Amino acid sequence: MAAAYEKVALARAKGRATSVDYISNIFENFLEMHGDRRYGDDKSVIAGIGYLIEMPVTVIGIEKGHSVKERGFRNSGSAHPEGYRKALRQMKLAEKFSRPVVCFVDTPGAYCGIGAEERGQGQAIAENLTEMMTLKTPVISIVIGEGGSGGALGLAVADEVWMLENSVYSVISPEGCASILWKDSSRSKEASECLKLTAQDLFKLKVIEKIFPESDKVYAHLKQELYAAFTKSRQLDPQSLTAARYERFRKIGAPE
Amino acid sequence: MTFKKPRNLLEGYSKLIGSHSEDSSDDLMVTCPKCKKSLASGDLLGSINVCMYCGHHFRMNARQRLNLICDRDTFAEADGTMVSSNLIGFPEYDGKLENARLDSKEPDAVICGACKINGIAAGIFVMEPYFMMGSMGVVVGEKLTRLFERAAAERLPVVGFTVSGGARMQEGILSLMQMAKVSGAVKRHSDAGLFFVCVLTDPTTGGVTASFAMEADVIAAEPFAHIGFAGARVIEQTMRKKLPEGFQRAEFLLEKGFIDDIVERKKQKKYLAQLLKMHVR
Chain A
1 MAAAYEKVAL ARAKGRATSV DYISNIFENF LEMHGDRRYG DDKSVIAGIG
51 YLIEMPVTVI GIEKGHSVKE RGFRNSGSAH PEGYRKALRQ MKLAEKFSRP
101 VVCFVDTPGA YCGIGAEERG QGQAIAENLT EMMTLKTPVI SIVIGEGGSG
151 GALGLAVADE VWMLENSVYS VISPEGCASI LWKDSSRSKE ASECLKLTAQ
201 DLFKLKVIEK IFPESDKVYA HLKQELYAAF TKSRQLDPQS LTAARYERFR
251 KIGAPE
Chain B
1 MTFKKPRNLL EGYSKLIGSH SEDSSDDLMV TCPKCKKSLA SGDLLGSINV
51 CMYCGHHFRM NARQRLNLIC DRDTFAEADG TMVSSNLIGF PEYDGKLENA
101 RLDSKEPDAV ICGACKINGI AAGIFVMEPY FMMGSMGVVV GEKLTRLFER
151 AAAERLPVVG FTVSGGARMQ EGILSLMQMA KVSGAVKRHS DAGLFFVCVL
201 TDPTTGGVTA SFAMEADVIA AEPFAHIGFA GARVIEQTMR KKLPEGFQRA
251 EFLLEKGFID DIVERKKQKK YLAQLLKMHV R
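So the protein lines, in turn, are chains A and B. Heads up: the first sequence runs through residues 1 to 256, numbered per the numbering used here. Heads up: the second sequence runs through residues 1 to 281, numbered per the numbering used here.
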């Protein structure tokens, strides 16, 4: 019964690798780019350009932080609208230079706060969904820990979505689900099971393409797979690329 | 056997406000939440569910809205028989669906089709508040996607009315994916140079706000409609403080620059027709 919740616990565990670890272990000469040019710089989202072997790529990651201090600084990976707008700005720059985009997703969800609502959290995510769908350059999103609902999807409209073996991706947090269903957030274990949120569940539901085993080889493995995938997808003309991305989502939940 | 929750008086009341069967007890009284005056439900139906004293906009079911907006006998429904099923075996979902069908007399939470508005042809969707509060599952996502694809092929504008609690959690990740799927279809329709106007009604929240509700070329809202991404209670818990007056209401969104205008129900048809006319290609 607790298998799904164990995954939730592992995905959230202290000491688990976060976006900064993936960025520093997979890419070289990473240059971080700040700000959304609209309002501010969201520390929950790291964006920039680095080399994947010899290939320049745009890298975006939602960062939770490790220490208590870092978590405060990163708002524990709950992005504000500025974070999604910063990401989109970097994706547009990537498109201009036909550079592939990698997104690392690790968030309990987009931030639920007064400022976030005032500055259009819903609008910011919505814009990423439409713009990413037609972005004329390859995009791969990887859920490395928590994939929290719309806040995760806002960086996961991609040609392929991959997940780490102990990561989760869900329409709602198990706690939120339990509190709505049973008015009891402590029943989150049961809710985790019901939601079918593990990487293995999502693979069965054909919502993701690949699952990566968690070992010390994971960075090398991801580097190799990303490089292979982009080498292939860069050959496609933008029209075939975006048509395939549209079809990828189009068929999810379509009647037989 | 699925367990069905017993029906209670409150549900009967909510249904009556947006009822199909206008013959049911006209003498039922309803208190306006804004001005607290007592209204006869029959009178309320006659005033398109708007309080005749203070103008408060009550919820309205999808068929009633279609009648209000579409020219007489022009609405042609599409995909009207598509029904949701329990795709991930979520507990109690079958029973909930059955209840929702009984409550709303609709097969799912959105009605899609084509119509004419003051003689101008358009694709139209209207979400149904009495079907699981307009939540978006696979069927809602699929119907909306088909609507935008059809409208793009036939070069029609799209008029939409949203009311939704967001993605339908009983369909898990599949419902979240509908946000991306519908957004893709909206974008293709838009890239084809076609017009999309959306009217946000109370409440429009969560995954619907974070997708097609905010993707229209023109976004209007009904007065005082609750519109937002996160639930007010969740924000209060996160921030540990009380929310400001009027937070996440249509007037608040207008002030913050996220909607084009607030349009009263009785003026909506004229407003939509004028916009459609201005965007004829």
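Heads up, the beta-carbon is just placed ideally off N, CA and C, and yes, glycines get one too. All values derive from a computational prediction rather than experimental measurement.
Same chain, Cβ closer than 6 Å to residue i, neighbours up to 5 away in sequence not counted
{"i": "Arg248 of chain A", "result": "none"}
{"i": "Ala185 of chain B", "result": "Thr145, Phe148 and Glu149"}
{"i": "Gly119 of chain B", "result": "none"}
{"i": "Phe104 of chain A", "result": "Ser19, Tyr22, Gly61, Ile142 and Ile144"}
{"i": "Thr74 of chain B", "result": "Cys115 and Lys116"}
{"i": "Ser25 of chain B", "result": "With a pLDDT of 48 at Ser25 of chain B, under the threshold of 50, the predicted position of this residue should be treated as unreliable, though the coordinate-derived value follows. Cβ neighbours of Ser25 of chain B beyond the five flanking positions: none."}
{"i": "Ser19 of chain B", "result": "Low confidence applies to Ser19 of chain B: its pLDDT is 42, below 50, so where it sits in the model is not reliable, and the reading given next is rough at best. Closer than 6 Å at Cβ, skipping near neighbours: no residue."}
{"i": "Ser84 of chain B", "result": "Leu97, Asp108, Gly137 and Val139"}
Beta-carbon proximity check, residue i vs residue j, cutoff 8 Å
{"i": "Val126 of chain B", "j": "Ala62 of chain B", "result": "yes"}
{"i": "Ser290 of chain B", "j": "Leu195 of chain A", "result": "With chain B represented from 1 up to 281, any question about residue 290 of chain B goes unanswered, as that position is not in the structure."}
{"i": "Glu37 of chain A", "j": "Arg89 of chain A", "result": "According to the sequence provided, residue 37 of chain A is Arg. The question's Glu does not apply to it. Cβ distance < 8 Å, so Arg37 of chain A and Arg89 of chain A count as in contact."}
{"i": "Thr107 of chain A", "j": "Ala152 of chain A", "result": "yes"}
{"i": "Tyr84 of chain A", "j": "Ala116 of chain A", "result": "no"}
{"i": "Gln121 of chain A", "j": "Pro56 of chain A", "result": "no"}
{"i": "Val199 of chain B", "j": "Val263 of chain B", "result": "yes"}
{"i": "Trp162 of chain A", "j": "Lys210 of chain A", "result": "yes"}
{"i": "Val208 of chain B", "j": "Met278 of chain B", "result": "no"}
{"i": "Gly253 of chain A", "j": "Gln178 of chain B", "result": "yes"}
{"i": "Val157 of chain A", "j": "Gly172 of chain B", "result": "no"}
{"i": "Ser179 of chain A", "j": "Val143 of chain A", "result": "no"}
{"i": "Asp217 of chain B", "j": "Phe247 of chain B", "result": "no"}
{"i": "Gly206 of chain B", "j": "Phe229 of chain B", "result": "yes"}
{"i": "Ile114 of chain A", "j": "Ala87 of chain A", "result": "no"}
{"i": "Met169 of chain B", "j": "Cys177 of chain A", "result": "yes"}
{"i": "Asp261 of chain B", "j": "His57 of chain B", "result": "no"}
{"i": "Leu202 of chain A", "j": "Ala4 of chain A", "result": "no"}
Contact set for residue i: own chain, Cβ-Cβ below 7 Å, skip 5 residues either direction
{"i": "Ile235 of chain B", "result": "Leu243"}
{"i": "Pro6 of chain B", "result": "Because the pLDDT of Pro6 of chain B is 48, which lies under 50, any placement of that residue in the model is unreliable, and the number read from its coordinates should be weighed accordingly. Around Pro6 of chain B: no qualifying Cβ."}
{"i": "Ala229 of chain A", "result": "Ile140 and Glu160"}
{"i": "Tyr51 of chain A", "result": "Phe27, Glu28 and Asn29"}
{"i": "Lys96 of chain A", "result": "none"}
{"i": "Phe73 of chain A", "result": "Lys43 and Gly65"}
Beta carbon proximity, residue i to chain A, threshold 8 Å
{"i": "Gln274 of chain B", "result": "no"}
{"i": "Glu142 of chain B", "result": "yes"}
{"i": "Glu222 of chain B", "result": "no"}
{"i": "Gln64 of chain B", "result": "no"}
{"i": "Lys256 of chain B", "result": "yes"}
{"i": "Lys282 of chain B", "result": "Outside the shown range of chain B (1 to 281) lies residue 282 of chain B, about which nothing can therefore be said."}
{"i": "Met29 of chain B", "result": "no"}
{"i": "Glu215 of chain B", "result": "yes"}
{"i": "His20 of chain B", "result": "Per-residue confidence for His20 of chain B stands at a pLDDT of 41, beneath the threshold of 50, marking its modelled position as unreliable; the derived number appears in the next sentence. Not closer than 8 Å to any Cβ of chain A, the Cβ of His20 of chain B fails to qualify, so no."}
{"i": "Leu102 of chain B", "result": "no"}
CB contact below 8 Å: residue i versus chain B
{"i": "Gly65 of chain A", "result": "no"}
{"i": "Met1 of chain A", "result": "A caution first: Met1 of chain A carries a pLDDT of 42, below 50, which makes its placement in the model unreliable, though a value can still be read off. For Met1 of chain A, the answer is no, since every Cβ of chain B falls outside 8 Å of its Cβ."}
{"i": "Ala199 of chain A", "result": "no"}
{"i": "Glu209 of chain A", "result": "no"}
{"i": "Cys194 of chain A", "result": "yes"}
{"i": "Glu6 of chain A", "result": "no"}
{"i": "Arg12 of chain A", "result": "no"}
{"i": "Met259 of chain A", "result": "No answer is possible for residue 259 of chain A: it lies beyond the span of chain A, which begins at 1 and ends at 256."}
{"i": "Glu118 of chain A", "result": "yes"}
Three-state secondary structure assigned by DSSP to residue i
{"i": "Val77 of chain B", "result": "It should be pointed out that residue 77 of chain B corresponds to Glu in this sequence rather than to Val. Residue state, collapsed to three classes: strand."}
{"i": "Gly172 of chain B", "result": "helix"}
{"i": "Lys7 of chain A", "result": "helix"}
{"i": "Arg249 of chain B", "result": "strand"}
{"i": "Ile142 of chain A", "result": "strand"}
{"i": "Asn259 of chain A", "result": "Residue 259 of chain A falls outside the range modelled here, since chain A spans only 1 to 256, and no answer is possible."}
{"i": "Gly65 of chain A", "result": "coil"}
{"i": "Gly148 of chain A", "result": "strand"}
{"i": "Gly160 of chain B", "result": "strand"}
{"i": "Ile125 of chain A", "result": "helix"}
{"i": "Gly113 of chain B", "result": "strand"}
{"i": "Phe230 of chain A", "result": "helix"}
{"i": "Glu32 of chain A", "result": "strand"}
{"i": "Asp159 of chain A", "result": "coil"}
{"i": "Ser240 of chain A", "result": "helix"}
{"i": "Asp106 of chain A", "result": "strand"}
{"i": "Phe58 of chain B", "result": "coil"}
{"i": "Ser47 of chain B", "result": "coil"}
Residues of its chain near residue i, where Cβ-Cβ distance is below 8 Å and the 5 sequence neighbours each way are ignored
{"i": "Ser183 of chain B", "result": "Ser211, Phe212 and Glu215"}
Distance cut-off 7 Å: residue i Cβ against heavy atoms of the ligand ATP
{"i": "Gly50 of chain A", "result": "Of the ligands one can find in the structure shown there are none, so the ligand ATP has no counterpart to examine."}
Between the region 120-139 of chain B and chain D, which residues of the former have CB atoms less than 9 Å from a CB of the latter, in chain order?
Here the protein chains are A and B, and chain D is not one of them.
Whole beta strand (DSSP E) elements within the region 169-218 of chain A, 3-residue minimum:
210-212
Output the residue ranges of the beta strand (DSSP E) runs that lie fully inside the region 190-271 of chain B and measure 3 residues or longer, sorted by chain position.
196-204 and 218-221
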